[in-house]
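Here is the structure we will look at.
There are 2 protein chains.
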Amino acid sequence: MISNIAELIADRIGTMPASERRAAQTLIASYPMIGLKTVAEFSAASGVSSPTILRFVARLGFQNYPEFQSSLQDELAAQLQSPATRTLNPPSPGGGTVSPMLEATLDNMRETFRHLSDKQLADIAARLADRRGKTFLIGGRFTDPLARYMAAHLAIIQPDVFHLAGQESMWRDRLIDMGKRDVLVIFDIRRYQDSLVRFAEKAHQRGVQIVLFTDQWLSPIARFARHVIAGRTAVPSAWDSSAALFVVAETLIGAVTRQLEAEGAKRIREMESLR
Amino acid sequence: MISNIAELIADRIGTMPASERRAAQTLIASYPMIGLKTVAEFSAASGVSSPTILRFVARLGFQNYPEFQSSLQDELAAQLQSPATRTLNPPSPGGGTVSPMLEATLDNMRETFRHLSDKQLADIAARLADRRGKTFLIGGRFTDPLARYMAAHLAIIQPDVFHLAGQESMWRDRLIDMGKRDVLVIFDIRRYQDSLVRFAEKAHQRGVQIVLFTDQWLSPIARFARHVIAGRTAVPSAWDSSAALFVVAETLIGAVTRQLEAEGAKRIREMESLR
DNA sequence: CAAAATACGTAACATAAGATACAGCGCTCC
DNA sequence: GGAGCGCTGTATCTTATGTTACGTATTTTG
Numbered sequence: 001m002i003s004n005i006a007e008l009i010a011d012r013i014g015t016m017p018a019s020e021r022r023a024a025q026t027l028i029a030s031y032p033m034i035g036l037k038t039v040a041e042f043s044a045a046s047g048v049s050s051p052t053i054l055r056f057v058a059r060l061g062f063q064n065y066p067e068f069q070s071s072l073q074d075e076l077a078a079q080l081q082s083p084a085t086r087t088l089n090p091p092s093p094g095g096g097t098v099s100p101m102l103e104a105t106l107d108n109m110r111e112t113f114r115h116l117s118d119k120q121l122a123d124i125a126a127r128l129a130d131r132r133g134k135t136f137l138i139g140g141r142f143t144d145p146l147a148r149y150m151a152a153h154l155a156i157i158q159p160d161v162f163h164l165a166g167q168e169s170m171w172r173d174r175l176i177d178m179g180k181r182d183v184l185v186i187f188d189i190r191r192y193q194d195s196l197v198r199f200a201e202k203a204h205q206r207g208v209q210i211v212l213f214t215d216q217w218l219s220p221i222a223r224f225a226r227h228v229i230a231g232r233t234a235v236p237s238a239w240d241s242s243a244a245l246f247v248v249a250e251t252l253i254g255a256v257t258r259q260l261e262a263e264g265a266k267r268i269r270e271m272e273s274l275r
Numbered sequence: 001m002i003s004n005i006a007e008l009i010a011d012r013i014g015t016m017p018a019s020e021r022r023a024a025q026t027l028i029a030s031y032p033m034i035g036l037k038t039v040a041e042f043s044a045a046s047g048v049s050s051p052t053i054l055r056f057v058a059r060l061g062f063q064n065y066p067e068f069q070s071s072l073q074d075e076l077a078a079q080l081q082s083p084a085t086r087t088l089n090p091p092s093p094g095g096g097t098v099s100p101m102l103e104a105t106l107d108n109m110r111e112t113f114r115h116l117s118d119k120q121l122a123d124i125a126a127r128l129a130d131r132r133g134k135t136f137l138i139g140g141r142f143t144d145p146l147a148r149y150m151a152a153h154l155a156i157i158q159p160d161v162f163h164l165a166g167q168e169s170m171w172r173d174r175l176i177d178m179g180k181r182d183v184l185v186i187f188d189i190r191r192y193q194d195s196l197v198r199f200a201e202k203a204h205q206r207g208v209q210i211v212l213f214t215d216q217w218l219s220p221i222a223r224f225a226r227h228v229i230a231g232r233t234a235v236p237s238a239w240d241s242s243a244a245l246f247v248v249a250e251t252l253i254g255a256v257t258r259q260l261e262a263e264g265a266k267r268i269r270e271m272e273s274l275r
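Chain order of the listed sequences is A and B. If you're matching positions, the first sequence starts at 1 in my numbering and goes up one per residue. If you're matching positions, the second sequence starts at 1 in my numbering and goes up one per residue.
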C-alpha cells in the first residue's frame, strides 16, 4: 500500500527516463518543499526543463501540476496535525477503549495551544479583566456548560459577570444592557446554532467585543468576533470533544485571576466571610 | 524578536480591520496550510474578498503574495528539518503563563488515567447504559457544569436522564423517584459541599448506585459510592482544574454511546427528524 | 548500420492567478 | 446632522504559470 508521494516515487523511479529521474531525486532530496514551488523553480533546481517536470508528475499519475501540489499539501497537513507523539506512542496493545480517546484528547490540546499564542491569551485575559465593562457568557447546546463553568469562576473575582441561560427570548432581551465596553464570550462548535449566530450579530452591531470559542472549522460567528479561539475537537467517538476548549477556558480563568489578584483576593476573602 | 509569521500575526492582529482579522484568524486556525494555497482559496475559506487577503499580507510587510508564500514555505522547511524545534509557540522564556498550565493539565490527565483501569470505566459505562434504571446527575458549585455537560449528551442517547439543578430543596425532593436500579452521578471536589454529602447519603440509603467524580483527596461521598473516579486537579493557578474529570466524563460518554449504538443511533436519527 | 522510437528542450500558447482601480458603505469626529 | 475618512467588495486588467506543439537529439532494435 502506497500512502504518500515519496513512496510512490521510490516505487516508480526505476521506470523513469534519466531527466525525470533527476527531477525525482531533486524532489526527494528536499522533500517535499521543492514540489510546492513553481514548475519553473522545480525545473531550474533539477537542471531539467519544465516539460520534463510536467511529464514527471504525469507519470506519477497526476492530471496536472496543481493536483500534484495539492496532494503534497494534504500530506504535509496530515503530518503537521499529528505531532511526533502520535507516531512515537505506539497504539496501546489490545486496543483498549480508553487510550485512543485519551491520546486524541491530549493531541487536541497540544495542537490547540500550538495555534494559540501567549500574547493572544494575554490580550483576551486583559479584556476580561477590564473592570470598566460587563462580561456576558453563553454557549450552545453542548457547550453551554463550559460557559457556565467559566462564569462561575469569573463571577467570584469580579462583579458584573452574567451567564445567559434559558430561553432565547430571555437572553435576547439582555442585549439592551450591552455596549462597547462589554465583552461577550460565546461557545459555539458544530453544528453551529443559528440562534447564537443571530445573537452574536446583534451584539456585534451594538459594539460588544466578542470572544469566540469554536472548533477548527470556525463558527460563522468568527465573522463578528474580536478574538477567536479555535480548539481541536476530533476524537474517536461519536461526539466531538470540548476538552481542549475547556482547558483554554481554565487557562484564561487563571490568567484573569492573576491580573485581578489584588482586588480579586480581597473579594474572595469577603465572600468567604459571608458564608 | 519575531521569528515566524504566526507571531507576526499575533503581534499585529490588534491593529487590523475586521476583515483582515478574519483572514488572520483563518490562517492561524489551520496554520500554515491555507496560506500555501491560492489567494482565491484563502479568501473563500475566510469568507472575505481576495483584495482583503492581499491587503492582509501587505500589512504583514510582504511585497506580494508569492513572497508571503515563500516565507511560509521557508518556515515549514525549517520546521521539517528539525522536528525537535517543531513547536509553533516556543515556551516563552521568563515564565510564560501558558505552558506550565498546559503541561500540568496534560500531566493530570495522564496521571488520572493511569489510576483508572479500562475495566473500571467499562463497568461504569455498562451501568450508565443499563436501560432498566434512571440516571441522575448533579455537581457542586464549580463542577455542576460537568454534570450538565454529561447529562446533555446522555439524554440524547437514552431516556430517563435527569440533571438535578436549582435549589437544594428541589433536588432533595427528587429522592422519592430514586431506587435500586437507578444511578446517581455526583461531581464533588474540594471544598466538598455539605449539601451534596447529605444528598448522597440519603440516596445511598435508598439503594441508589452512586458514581462519584472527585479529586485525589476523595470527597467524603466516596464512602457511599459504588464507583469512584479520582482526578488530579493541581495546576499552577489559584483554582483547581477540573479538566481531567472533564476528559473522563467525555470518555464515559463515548463508551456509553458505543454500548447503546444500535438504539442510540435510532434515537439520534429520530431526534434529528424532530427539528 | 539504418530506421524507428523514445526522450528532451525551445518556443509559442492559453489560462488561471495575483494586482489594481474604483465605487459604495459605514463609521467617526466635528 | 453633515463632512471626511477608512474599510471592503466588484470588476477589470496584467502578469506569470502551467500547458502544448514541434523539432532535434539520443537511444534502441532489427
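All C-beta atoms, glycine included, are put in the ideal place defined by N, C-alpha and C.
Bridge partner(s) assigned by DSSP for residue i
i                : result
Ala200 (chain B) : Bridge partners of Ala200 (chain B): none, in fact.
Val161 (chain A) : A:Thr135
Val228 (chain B) : B:Leu212
Asp188 (chain B) : B:Thr214
Val183 (chain A) : A:Thr135 and A:Gln209
Cβ separation of residue i and residue j, assumed to be a contact under 8 Å, to the nearest whole Å
i                : j                : result
Leu245 (chain A) : Phe199 (chain A) : Contact flag wrong, Cβ pair sits at about 19 Å.
Leu164 (chain A) : Phe136 (chain A) : 6 Å
Trp138 (chain B) : Ala147 (chain B) : Per the sequence presented here, residue 138 (chain B) reads as Ile, with Trp not at that position. With 8 Å as the limit, Ile138 (chain B) and Ala147 (chain B) qualify as a contact, their Cβ atoms being about 6 Å apart.
Glu41 (chain B)  : Ser241 (chain A) : Contact doesn't hold; Cβ gap of about 28 Å is too wide.
Val208 (chain B) : Asp182 (chain B) : 5 Å
Glu75 (chain B)  : Pro32 (chain B)  : 7 Å
Arg141 (chain A) : Gln193 (chain A) : 7 Å
Ala125 (chain A) : Leu212 (chain A) : The pair is not a contact, with the Cβ atoms about 15 Å apart (cut-off 8 Å).
Ala151 (chain A) : Leu175 (chain A) : Contact doesn't hold; Cβ gap of about 18 Å is too wide.
Gly35 (chain B)  : Gln69 (chain B)  : 7 Å
Residue-chain proximity (residue i, chain A), Cβ-Cβ < 8 Å
i                : result
Gly14 (chain B)  : yes
Val256 (chain B) : no
Met178 (chain B) : no
Asp276 (chain B) : Here chain B covers residues 1 to 275 and nothing more, so residue 276 (chain B) does not appear.
Asp11 (chain B)  : yes
Phe187 (chain B) : no
Thr52 (chain B)  : no
Val197 (chain B) : no
Leu8 (chain B)   : no
Phe68 (chain B)  : no
CB contact below 8 Å: residue i versus chain B
i                : result
Glu250 (chain A) : yes
Pro90 (chain A)  : Because Pro90 (chain A) carries a pLDDT of 37, less than 50, the predicted location of this residue cannot be relied on, and the following value inherits that uncertainty. For Pro90 (chain A), the answer is no, since every Cβ of chain B falls outside 8 Å of its Cβ.
Ala152 (chain A) : yes
Ala45 (chain A)  : no
Lys119 (chain A) : yes
Leu146 (chain A) : yes
Thr105 (chain A) : yes
His115 (chain A) : yes
Gln167 (chain A) : no
Gln25 (chain A)  : no
Ile253 (chain A) : yes
Length of the line joining the Cα atoms of residue i and residue j
i                : j                : result
Asp130 (chain A) : Met109 (chain A) : 27 Å
Pro51 (chain A)  : Lys37 (chain B)  : 23 Å
Gln25 (chain A)  : Leu60 (chain A)  : 14 Å
Ala10 (chain A)  : Met16 (chain B)  : 46 Å
Val48 (chain A)  : Val57 (chain A)  : 14 Å
Glu201 (chain A) : Ile221 (chain A) : 8 Å
Leu116 (chain A) : Leu27 (chain B)  : 12 Å
Leu260 (chain B) : His227 (chain B) : 21 Å
Glu111 (chain B) : Lys134 (chain B) : 31 Å
Glu270 (chain B) : Ile2 (chain B)   : 53 Å
Asn89 (chain A)  : Met101 (chain A) : Residue confidence is low: Asn89 (chain A) scores 36 on pLDDT, short of 50, so the model does not pin down where it sits. Its coordinate-derived value is still stated next. If I take the Cα positions, the gap works out to 13 Å.
Arg191 (chain B) : Met170 (chain B) : 22 Å
Pro83 (chain A)  : Asp107 (chain A) : Note on Pro83 (chain A): pLDDT 45, under 50, position unreliable in the model; the coordinate value appears next. Rounded to whole angstroms, Pro83 (chain A) to Asp107 (chain A) spans 8 Å at the Cα level.
Pro236 (chain B) : Ile229 (chain A) : 22 Å
Met178 (chain A) : Gly14 (chain B)  : 22 Å
Leu184 (chain B) : Leu72 (chain A)  : 51 Å
Arg232 (chain B) : Gln216 (chain B) : 6 Å
Glu103 (chain B) : Val248 (chain A) : 12 Å
Ala23 (chain B)  : Ala45 (chain B)  : 8 Å
Tyr65 (chain B)  : Gly166 (chain B) : 56 Å
Any non-hydrogen atom of the ligand COA within 7 Å of residue i CB
i                : result
Ile186 (chain B) : Annotation note on the ligand COA: not contained in the displayed structure, which lists no ligands.
Just by C-beta distance, which residues in the stretch 232-244 of chain B are closer than 9 Å to chain A? Val235, Pro236, Ser237, Ala238, Trp239, Ser241, Ser242 and Ala243
When you check each C-beta in the stretch 121-135 of chain B against every C-beta of chain A, which residues fall closer than 8 Å? Leu121 and Ala122
Closer than 7 Å between beta carbons: that is the criterion. Which residues of the stretch 202-224 of chain A meet it against chain B? Gln216, Leu218, Ala222 and Arg223
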